[in-house]
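Beneath this line is the structure, given in structure tokens, with notes to follow.
Numbering (our numbering), first residue to last: 3 to 66.
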């Protein structure tokens, strides 16, 4: 799918988020990477095979 040199990391690679953005829609909160991964501004993802990778949850600290 990628014709960049060096090629973008595959969607299953640990560094897949470093692939080039081929479409960006910040007003909608998402971008499409060259490897087919859709990334969202909350750090969630949709993989090319349809798997959803939820955004990491942050737990609020204790309230006093």
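C-beta atoms are modelled at their ideal positions from N, C-alpha and C, and glycine is treated no differently.
Where the beta strand (DSSP E) containing residue i begins and where it ends
i: residue 24; result: 23-27
Bridge partners - residue i, DSSP secondary structure assignment
i: residue 41; result: 33 and 47
Reference residue i, options the options, closest by Cα
i: residue 55; options: 7, 10 and 14; result: 14
i: residue 31; options: 47, 37, 19 and 17; result: 47
Cβ-Cβ separation, residue j to residue i (assumed contact under 8 Å), whole Å
i: residue 21; j: residue 39; result: 7 Å
i: residue 28; j: residue 45; result: Wrong, their Cβ atoms sit about 14 Å apart, outside the cutoff.
Chain-order list of residues whose beta-carbon lies under 6 Å from that of residue i (same chain, five-residue window excluded)
i: residue 34; result: 24, 25 and 40
i: residue 42; result: 31 and 32
Own chain partners of residue i with C-beta closer than 7 Å, once the 5 adjacent residues on each side are dropped
i: residue 17; result: 11
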